[in-house]
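Take the sequence shown: its letter number 112 is residue 98 in my numbering, and every next letter is one higher. Below: the structure, in structure tokens.
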Amino acid sequence: MKLEHIEHLGIAVSNLDEAIKFYEEKLGLKCYAIEEVAEQKVRTAFFKVGQTKIELLESTAPDGPIAKFIEKKGQGIQHVAFAVKGLAEQLKAAEEDGVMLIDKAPRKGAEGLNIAFLHPKSTFGVLTELCENPAAEGSCCCKCDCE
Ligand code: ZN
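As structure tokens, then:
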């Protein structure tokens, strides 16, 4: 597997608005997008630090994965996401290497990225996401101001 950089850290919070306020007022970051991913029962807010993003995650339903995470472990880092190229091939290689996958094939995540998760049983307890930006290099598709 070849990882390019840490694309984002996913942080589970119980109150998105309060968390955004903290990240903006105390940490001095700027929230550049809020997106609801209905399928994941989650509302997300994005910040940028260098080339890495912070993705705050708030559950929109008591039975959603983020609600369950907070119930079990409390608020905090929920997943780490690495940018990769050739996600489908990397997944296949990982599986052949004996890594347990949650997603055997890429699916659509927030910001139009193709994503897939590795199983925390294989990654020492850290839910690990791989993401690929389907837009060609250099042409930024997202709503950020990185251009
Ligand atoms: Zn993520």
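Here a beta-carbon is modelled for each residue, glycine too, at the ideal position from N, C-alpha and C. Here the structure is a predicted model, which is why all the values come from computation and not from measurement.
Just the C-alpha distance for residue i and residue j, rounded to the nearest angstrom, thanks.
{"i": "Phe32", "j": "Phe8", "result": "13 Å"}
{"i": "Gly95", "j": "Val70", "result": "14 Å"}
{"i": "Lys16", "j": "Ser45", "result": "21 Å"}
{"i": "Val35", "j": "Lys27", "result": "26 Å"}
{"i": "Glu4", "j": "Glu10", "result": "10 Å"}
{"i": "Val85", "j": "Val112", "result": "13 Å"}
{"i": "Ala80", "j": "Thr114", "result": "12 Å"}
{"i": "Arg93", "j": "Asn100", "result": "5 Å"}
{"i": "Lys90", "j": "Val23", "result": "20 Å"}
{"i": "Ile134", "j": "Ala19", "result": "Given a span of -13 to 133 for the chain in the structure shown, any question on residue 134 remains unanswerable."}
{"i": "Gly124", "j": "Glu25", "result": "Low confidence applies here, because Gly124 scores a pLDDT of 47, under 50, leaving its location unreliable and the question unanswered by this model."}
{"i": "Ala121", "j": "Lys78", "result": "21 Å"}
{"i": "His(-9)", "j": "Leu87", "result": "20 Å"}
{"i": "Met(-13)", "j": "Ile6", "result": "34 Å"}
{"i": "Leu2", "j": "Gln37", "result": "22 Å"}
{"i": "Lys181", "j": "Asp83", "result": "No answer is possible for residue 181: the residues shown for the chain start at -13 and end at 133."}
Buried or exposed for residue i, please, with buried defined as at least 16 other CB atoms from any protein chain shown within 10 angstroms of its CB.
{"i": "Leu(-11)", "result": "exposed"}
{"i": "Glu118", "result": "buried"}
{"i": "Val(-1)", "result": "buried"}
{"i": "Leu13", "result": "exposed"}
{"i": "Arg29", "result": "buried"}
{"i": "Glu57", "result": "exposed"}
{"i": "Glu97", "result": "buried"}
Using 8 Å for Cβ pairs, my map puts residue i next to residue j. What's the rounded Cβ distance?
{"i": "Gln76", "j": "Leu116", "result": "6 Å"}
{"i": "Ala102", "j": "Leu73", "result": "6 Å"}
Please report whether the beta-carbon of residue i lies at a distance below 8 Å from any beta-carbon of chain D.
{"i": "Leu15", "result": "The question asks about chain D, but that chain is absent: this structure has only one protein chain."}
Between the segment 58 to 66 and the segment -7 to 0, do at least 3 Cβ pairs fall closer than 8 Å?
Yes: the two stretches touch, three or more of their Cβ pairs being nearer than 8 Å.
Using the beta-carbon of each residue, find all residues closer than 6 Å to any heavy atom of ligand 1 and list them in chain order.
Cβ atoms closer than 6 Å to ligand 1 belong to His(-6), Gly(-4), Glu41, His65, Ala67, Glu115.
Touching by the beta-carbon criterion (3+ pairs, under 8 Å), the segment 35 to 46 and the segment 100 to 120
Between the segment 35 to 46 and the segment 100 to 120, the count of C-beta pairs closer than 8 Å stays below three; the two stretches do not touch.
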